[in-house]
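Novice: Can you keep this structure in mind? I'll have questions shortly.
Chains as they are written, first to last, in the working numbering: chain P, 1 to 930; chain Y, 931 to 1433.
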């Protein structure tokens, strides 16, 4: 005996077999497709004897052991029944579809999706693990989506598919949550454990949630009221799909789930109320609506809904006998409904129409098919000697046994009979309208019998209806017993499958239903007129509208929030920072720390006043860009001075040179900005921004004050102590930059290099408007390169280079270093650009700034990697002291090489930006382009 | 001395700088070769790092041979190795995709991609919080420039938003670092973890302020509500291969949150334990709501992809905010899945935009795609993965996260929002898919077909979806061990303080 895993695995492989059978004939494709499911069926059958003897098989394989997710399959009586249905009917459908599909249809794709669905369905019924069950559950939704939309050029197919997917998908998610909750209660997802812990689950406080969530999944899948509306629209699928998925198998998945979890969830009043009432409503709505459908498949769809409701109702009754009846009806419904769908497909195929107002009198044209369809329809109506009669009898008997509704208990059998009446009526309509009732009206094709083999699946199924109806004890007793036993996880109560039980109430109800059905059908004209008074409700349109409404609402809400305003996003960010920090701020009792304040002197006061005033000037005149720029550069200058004042000469030098470069950059940028300033902000936004700025400014100031007054102990002491001995330099700042934290510097020069490249990338393809005059119409000066400036700047160049070399060399021990030196050199070169023009520089300087960046970074990186050769980590420094006559004792350090990389990168980057931005201002000028 | 751990940083740097030199500068073909070979090498290096980490080794590397906490150190543990491998895979796919022609739409494409990867890898590997800032700057400045690759008004204006917000972010980052350095007196994250245990009352409050500021910066990178609004427009307008690499950017923020939360503000941090955790939880739930609205309303494929990125951020941070070991482990699985799937979907959107005339990637009926079948299959797989449908990685990720959020007070909030998010994605994908692939007019025009290597690039990324599902067992073992390792570091931070080589 082969492993259980092979059953779904074989069909899964079958998917690829079908896909690859695209070169062969259609018949060969069908055979190839059928081969593996047939093999799977053989495996199932090989298990059957032992399962029927009451054994059950569980096989598992670890998947994610940490969370109790296993690949686990289980074959017991109930699973066996479903597996047989799925594979058996599946094979018939494959044969049927061979003749149903036309030359234009992509048969391999169709078969592949059908087999994928078959795999998923087998997965559901054979799952031992609930999460795995859910996995296959969703796979059926997906494959059903693909199958419904098989003719995706049709709008109704696309919409029907989406609707089915959305509804079943929603239910699927609910089911997922339900299963997770079950797992939480039981501590395992394995059915064996879950089914054994029914009392624990029912007693848990989570039970109501579990039940509702699981039932949502089951009801949506099995098209129970009020989620039934997707099923009729799924009929846009090719008929083999309708026969297979939407009557015999997939819609039974919900039923299967309820039955499978019956021992774990059923038995409470809540179960009874929800399941029974939903089933009852579905039964009635389906049976009633079916009568009024003019579309053959529409009638069958609603009839399917009604029968699903019937099974659900039975499961809801909390009676073991009812559960047996439900199981029995699952078998019967699958056989007669699949054959009816196939017959409807044959009729559609051979006449070109499914409209019962046109289809009349087909008996004369296709007697063989008519015979088969009529038998199946009679089984659906519950006529004696056919299988539908038996399970319907059991159903009627069960409704009579129910007492949970107290004094209102009579209502159940009455409504069941009403549903029976309609069921007979629509079955009659199916028979009479289509096969008798005059002559066909305006059919696209002349009706005739279908190909021989197309009828075989129908014949087999109809034969089953017959055999079961006549000799139930022989044919289904065994499997029904084993299925019901495993459904109930215990002994089944006594039941009789006899055809004749004597004159009793159920028989009376059947009789009333038959008679009533005939009466209803006879008076259908009046009924149709009555029904016509109600406006036609197209579920598709309603669904579409609702989706659109949701999309519109989401768009509206989201659109008002994400409005593309940078100001708003910035505000949100700043507000968040303020909000996050206010709570700890309120808890900070001692704002002022233990550190004494420094004495205030006159110079500090003056500098502070200048700082504040220039900040205010920037704020107030921020629309007058030139003034704002000057003011903001004053701010920068004062900051440099503050650094100098508090003994940070390196910082002061750096800040100063950065200021110079930045101001030049901004001047260049100002040239391109629109001269007319934007309109002033509205008063309310000014207030908002002021408030926000005050808030965040206040927060920052408070924190700064607290920080500066709190005593600190830090790793800085280590740097001071080890600067000379470990880093070979007395300038601690520089040693930190190039040695202790050289990696940071390495990163920062990379940033600088990228900035250069990025800005060049941006401006290289910019075409900017060149103002030739200022706002008042006064043209820019024609004297681009004043003589004085040109002369002085040229003289300054060597001097500046010398200074930068000096700053570079002394950096390790005194304020200076590669970064500052690089900026000084860059400024000196920019001055040449400003004073003498781009062309002047191009002629004289062959420096490629991009290469300079590259070389600088490579030097810095290579210095770092150099230490690998000596077995040290990246950027480990080396230094030693040497003596040369004439120069004296001097130091050589690897850090200097690194600093050289810094130096070159800084120059390259600065000039790549400024040189090119500057060039942008000149070349478009008419007088220079000559 | 083993220098492997430096390679994810130094190799991209060298590859980038070399391409600025004359040999490569003028020839895009040479740049393609060196970049693809380089990216592949990076993948191999990352795999080697991951193998070493999964054997339980923690690589500590004292840069400049200075012992921690004085020098900067690199830490190669399970978490950082995983993230580095993820980055390398994205880089390889993005570069492969770009080599079909997108790389030639502007200057410095490959150098900038390499710089960006260097920044991202550095952020993952560094054990020093100031150095983290530096690498944030590298990855940001490179991303600014990459955003405008190919030019155009939309890109530039979206880039301005991005640049400005991130500059504010950088400023706040510096503030935060100043405050934290002021109270803790150190920058090495392990050392910080040691020092938070010895703070006095007012220092604790100050550190809280600094820590919360830090969190707000990370939240900006991670795109947590209300700091996520910039993302959709920016990502949707960025060039395809660039935004594929950007798929990891939000994860850099999330990674930083995880690292800081679990090392510095972990269980031993006294009053600072789980600093800001409640905020993360609440805001992550809000992020899910916003992302759900965004997913439903997305007008184009790339916007949809962008909102799905935010949805994944919400999902991840819900798990992080819940803060149990299981939820963190689930988050790590989900992070890998969502990054790869997100990147793949952006590229699919890019191919769609390329093949449709005028309607680009907008979800409206339009001309038929040139290769509807192949794109359709990729779209379908990506959709299943991103919705969280079985049997692909998205399903496992969502299952792990939902299962890990197991207290009823928390799951009442998280589960419905997570499931509704999935449902919204389902609706959005079925709408988008049926419009794009089925409501098209005209026959496919094969002359507009996209280059095969683009499909290979998407294929590499998407192949993770089934593989991560198939090997979910070993992967969750790895993420579980990762969380254990983080807890062990938190318990004894000295384990991850590097020592230099003895002179």
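Backbone N, C-alpha and C fix where the C-beta goes; we use that ideal spot for every residue, glycine too.
Please read all numbers here as calculations on a predicted model, not as lab measurements.
Who pairs with residue 1006 of chain Y in a beta bridge, going by DSSP?
Specialist: Bridge partners of residue 1006 of chain Y: Y:989.
Novice: Run the CB neighbour count on residue 928 of chain P, radius 10 Å, all protein chains shown included, and call it buried at 16 or more, exposed below.
Specialist: Below a pLDDT of 50, predicted positions are generally treated as unreliable, and residue 928 of chain P, at 35, falls in that range; the measurement from the model is reported next regardless. Exposed, by the Cβ-count rule.
Novice: State yes or no: is the C-beta of residue 296 of chain P within less than 8 Å of the C-beta of residue 202 of chain P?
Specialist: no
Novice: List, in order along the chain, the chain Y residues whose C-beta lies closer than 7 Å to that of residue 585 of chain P?
Specialist: The answer, in chain order, is 1139.
Novice: Taking Cβ-Cβ distances shorter than 7 Å, what residues in chain P pair up with residue 1343 of chain Y?
Specialist: Within chain P, no residue comes near residue 1343 of chain Y; the closest Cβ sits about 13 Å away, beyond 7 Å.
Novice: Would you tell me roughly how many angstroms separate the C-alpha atoms of residue 339 of chain P and residue 376 of chain P, rounded to the nearest one?
Specialist: 7 Å
Novice: I'd like to know whether the C-beta of residue 521 of chain P is nearer than 8 Å to at least one C-beta of chain Y.
Specialist: No Cβ of chain Y is located within less than 8 Å of the beta carbon of residue 521 of chain P.
Novice: On the DSSP letters alone, give me the boundaries of the beta strand (DSSP E) that residue 211 of chain P sits inside.
Specialist: No beta strand (DSSP E) holds residue 211 of chain P; the alpha helix (DSSP H) holding it covers 207-221.
Novice: I want to see whether chain A comes within less than 8 Å of residue 1011 of chain Y, judged by CB atoms only; does it?
Specialist: No chain A appears in this structure, whose protein chains are P and Y.
Novice: For the 8 Å Cβ check, are there 3 or more pairs between the region 891-899 of chain P and the region 855-868 of chain P?
Specialist: yes
Novice: Could you check whether residue 1259 of chain Y and residue 1406 of chain Y sit closer than 8 Å to each other, using their CB atoms as the reference points?
Specialist: Note that the C-beta distance between residue 1406 of chain Y and residue 1259 of chain Y is below 8 Å.
Novice: Mind pulling the chain Y residues with CB within less than 8 Å of residue 810 of chain P?
Specialist: What residue 810 of chain P touches in chain Y: nothing, since even the nearest Cβ is about 22 Å away.
Novice: Buried or exposed: where does residue 930 of chain P fall if 16 or more other Cβ atoms within 10 Å of its Cβ makes it buried?
Specialist: For residue 930 of chain P, the pLDDT reaches just 31, beneath the cut-off of 50, and the residue's location in the model is therefore unreliable, although a value from the coordinates is still provided. Exposed.
Novice: Assuming contact is defined by CB atoms lying nearer than 8 Å, are residue 94 of chain P and residue 40 of chain P in contact in what I supplied?
Specialist: no
Novice: So, is residue 106 of chain P buried or exposed, given that buried needs 16 or more other C-beta atoms within 10 angstroms?
Specialist: Label assigned to residue 106 of chain P: exposed.
Novice: Alpha carbon to alpha carbon, how far is residue 1249 of chain Y from residue 1308 of chain Y? Give it in angstroms, no decimals.
Specialist: 29 Å
Novice: Would you decide whether residue 1293 of chain Y is buried or exposed? Buried here means 16 or more other CB atoms lie within 10 Å of its CB.
Specialist: buried
Novice: Between the C-alpha atoms of residue 1094 of chain Y and residue 1146 of chain Y, what's the straight-line distance to the nearest angstrom?
Specialist: 16 Å
Novice: Please name the residue in P:588, P:764, P:504 whose C-alpha comes closest to that of residue 1140 of chain Y.
Specialist: P:588
Novice: Does the Cβ of residue 67 of chain P have 16 or more other Cβ atoms within 10 Å, making it buried, or fewer, making it exposed?
Specialist: Here residue 67 of chain P is buried. Its C-beta has 16 or more other C-beta atoms within 10 Å.
Novice: Can you tell me where the beta strand (DSSP E) holding residue 893 of chain P begins and where it ends?
Specialist: 888-893
Novice: In terms of residues, what are the limits of the alpha helix (DSSP H) holding residue 1092 of chain Y?
Specialist: 1083-1114
Novice: Select from P:326, P:916, P:113 the residue whose C-alpha is nearest the C-alpha of residue 78 of chain P.
Specialist: Comparing Cα-Cα distances from residue 78 of chain P to each of P:326, P:916, P:113, the minimum goes to P:326.
Novice: Might you give, ordered along the chain, the residues of its own chain that have their beta carbon closer than 6 Å to the beta carbon of residue 393 of chain P, omitting 5 neighbours on each side?
Specialist: 506
Novice: Does any C-beta atom of chain Y lie closer than 8 Å to the C-beta of residue 710 of chain P?
Specialist: yes
Novice: Is any beta-carbon of chain Y found at less than 8 Å from that of residue 357 of chain P?
Specialist: no
Novice: For residue 1071 of chain Y, return the contacting residues in chain P, with the cut-off set at a CB-CB distance below 7 Å.
Specialist: 751, 754, 755, 758
Novice: Since residue 1329 of chain Y meets chain P, which of its residues come closer than 7 Å, beta carbon to beta carbon?
Specialist: Within 7 Å Cβ-Cβ: 131.
Novice: Taking just the CA atoms, how far does residue 990 of chain Y sit from residue 1431 of chain Y?
Specialist: 11 Å
Novice: Counting along the chain, where does the beta strand (DSSP E) carrying residue 74 of chain P start and finish?
Specialist: 69-75
Novice: Listed in chain order, which residues of the region 542-556 of chain P have Cβ atoms closer than 9 Å to some Cβ of chain Y?
Specialist: 547, 550, 551, 552, 553, 554, 555, 556
Novice: I'd like to know if the region 722-740 of chain P and the region 1170-1188 of chain Y are in contact, where contact means that at least 3 CB-CB pairs between them fall below 8 Å.
Specialist: no
Novice: Output yes if chain P places a C-beta closer than 8 Å to the C-beta of residue 1413 of chain Y; else output no.
Specialist: no
Novice: Tell me, please, which residues DSSP counts as bridged to residue 127 of chain P.
Specialist: P:73
Novice: Going by DSSP, what residues sit across from residue 884 of chain P in a beta bridge?
Specialist: P:888
Novice: If the cut is a Cβ gap below 7 Å, which residues of chain P does residue 936 of chain Y touch?
Specialist: 874
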